[in-house]
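Asks:
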């Protein structure tokens, strides 16, 4: 793709797009194709950042297995409500000053697309740019030369081992993001899982001592919590649910405190305005209770179920094809720990046989009652809804706000939320 560099001149990362009016951006990803660009006008990300004067933006980067999307969205919401101009880039697309400018893309797109979005934000008067940073982007250096005002670590559990090959390598990649002198915000309850430069490192936690400590919280009817920052106390309320969202809210409040001059109380007062992220613990129906969530890792499933473990739980879920096979039986065990009914189905099988994926999931569950295998995801959701009893809660996990199911390289329109509503007759 060619992006506008200046009047009449474009810039691209693709040597095939170069012409007399187009500069080439030489990056860590495309440097092996550099010989194809010899003789053209070339910029590096560092030079482009200088040309567009992007260092004026305060960039906040969030990485972690779980919580990136919600934490980024809460930070964006709080900053916007406090009156700051702000851009948000991540799994859900690109947002600027409360408007959606791009639909979903990669969690962290190419460096040129990111810098282009940063320029759009700057040109619209934004002071902040909040972005999700994936482990793939760190490994491939899709964030090269970006000057982060703050880097946030949420947690690290098993995921993407099809790419990183081992949990140790996955943690090593995450750690690379935090080895410099940037201002950092680390989940202290997860801090032993990564290595980070402790210079300019702040922490948040529920359990361990930290610079932003949740002193007390309640999960009854939403979230109510008290946070302590070096003696400065404030409380916040949210309609979100679950212990994992206490962490997400703590990270967001702490981040805004670190990058602005607002008081902790001013920041906490804006938390209640955040309505949640589509496809993340999204309530489709209250009577009966049906919830759609993106949880697609063993830890993600466990945390979602733990958040409502006092209820009788039914769960619809599967596992993606052509991805980390080792996590499939762990996902089954995580779901079975709290759910009384398990409807195991397809979830983006890609090139794999759905039967084989399901066999991996149920391998450790032999003898457990309440398991139904229904390969067709729509049929599984309809069956789960039809069998839902008045006091039970149905969780439909794995896809969140995705609008397709991927089978044999084809993305077929499919939305858990729409299917659930159809099954409910609403």
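Residue numbers (our numbering): 324 to 749. The beta carbon of each residue, even a glycine, is placed where N, CA and C say it ideally should be.
Alpha carbons only, please: which of 508, 553, 618 is nearest the one belonging to residue 389?
Replies: Checked all of 508, 553, 618; the closest Cα to residue 389 is 618.
Asks: I'd like the span of the beta strand (DSSP E) that includes residue 454, first residue to last.
Replies: Element bounds for residue 454: 451-455.
Asks: Quick one, are the C-beta atoms of residue 743 and residue 704 less than 8 Å apart?
Replies: Yes, they are a contact pair.
Asks: Cα-Cα, which of 350, 612, 379 is closest to residue 365?
Replies: The option with the nearest alpha carbon to residue 365 is 350.
Asks: Looking at the unbroken alpha helix (DSSP H) that takes in residue 519, where does it start and where does it end?
Replies: Premise fails: residue 519 is in no alpha helix (DSSP H) and is neither H nor E.
Asks: Do residue 470 and residue 449 count as a contact pair if the criterion is CB distance below 8 Å?
Replies: No. Outside cutoff.
Asks: Helix or strand or just coil, what does DSSP make of residue 399?
Replies: Helix at residue 399.
Asks: Mind the definition here: the segment 644-656 touches the segment 680-690 only if three or more C-beta pairs lie below 8 Å; say whether that holds.
Replies: Short answer: they touch.
Asks: Per the contact definition of three or more C-beta pairs closer than 8 Å, is the segment 398-406 in contact with the segment 460-469?
Replies: No, the segment 460-469 is not in contact with the segment 398-406.
Asks: By a C-beta neighbour count over all protein chains shown, 10 Å radius and 16 as the cutoff for buried, is residue 749 buried or exposed?
Replies: Flag for residue 749 reads exposed.
Asks: Which class does residue 509 belong to by DSSP, given the choice of helix, strand or coil?
Replies: Reduced to three states, the DSSP call for residue 509 is strand.
Asks: Could you name the residues of the same chain whose beta carbon sits closer than 6 Å to that of residue 689, not counting the 5 residues immediately before and after it, in chain order?
Replies: None.
Asks: Who does residue 409 pair with in a DSSP beta bridge?
Replies: DSSP lists 451 as partners of residue 409.
Asks: How close, in whole Å, do the beta carbons of residue 566 and residue 523 come, if the pair is a contact with beta carbons under 8 Å?
Replies: Residue 566 to residue 523, Cβ: 28 Å. No contact.
Asks: Using the Cα positions of residue 534 and residue 551, report the straight-line distance between them to the nearest angstrom.
Replies: Rounded to whole angstroms, residue 534 to residue 551 spans 8 Å at the Cα level.
Asks: Shortest alpha-carbon distance to residue 729 belongs to which of 669, 502, 415?
Replies: The candidate whose alpha carbon is nearest that of residue 729 is 669.
Asks: With a cut-off of 8 Å on the beta carbons, I'd call residue 615 and residue 740 a contact; round off their distance for me.
Replies: Their Cβ separation, rounded to whole angstroms, is 5 Å, which keeps residue 615 and residue 740 in contact under 8 Å.
Asks: Leaving out five residues before and five after residue 501 in sequence, what residues of the same chain have Cβ atoms less than 7 Å from its Cβ?
Replies: Excluding residues within five positions, the ones whose Cβ falls inside 7 Å are 474, 476, 507, 517, 519, 520.
Asks: For residue 491, count neighbouring C-beta atoms within 10 Å of its own C-beta (all shown protein chains included) and say buried if the count is 16 or more, exposed if not.
Replies: Per the 10 Å Cβ criterion, exposed.
Asks: Alpha carbon to alpha carbon, how far is residue 598 from residue 589? Give it in angstroms, no decimals.
Replies: Looking at the two C-alpha atoms, the distance is approximately 18 Å.
Asks: Can you tell me which of 671, 718, 716 puts its alpha carbon nearest to the alpha carbon of residue 731?
Replies: Here the closest residue by C-alpha is 671.
Asks: For residue 477, does the three-state DSSP call read helix, strand or coil?
Replies: Residue 477 falls in the coil class under three-state DSSP.
Asks: Quick check on DSSP: helix, strand or coil for residue 459?
Replies: It is helical.
Asks: Could I get the ranges of all uninterrupted beta strand (DSSP E) runs contained in the segment 592-651, with 3 residues as the minimum, in chain order?
Replies: For the segment 592-651, whole beta strand (DSSP E) runs of length 3 or above, ordered along the chain, are 605-609, 612-616, 635-640.
Asks: With H, G and I counted as helix, E and B as strand and the rest as coil, what does DSSP make of residue 564?
Replies: In this structure, residue 564 counts as coil in the three-state DSSP scheme.
Asks: Whole angstroms is fine: what's the gap from residue 514's alpha carbon to residue 577's?
Replies: Going by the C-alpha atoms only, they are around 16 Å apart.
Asks: Across which residues does DSSP place residue 382 in a beta bridge pair?
Replies: DSSP, once it has assigned bridges, lists 452, 471 as partnering residue 382.
Asks: Which class does residue 371 belong to by DSSP, given the choice of helix, strand or coil?
Replies: Note: residue 371 maps to helix in three-state DSSP.
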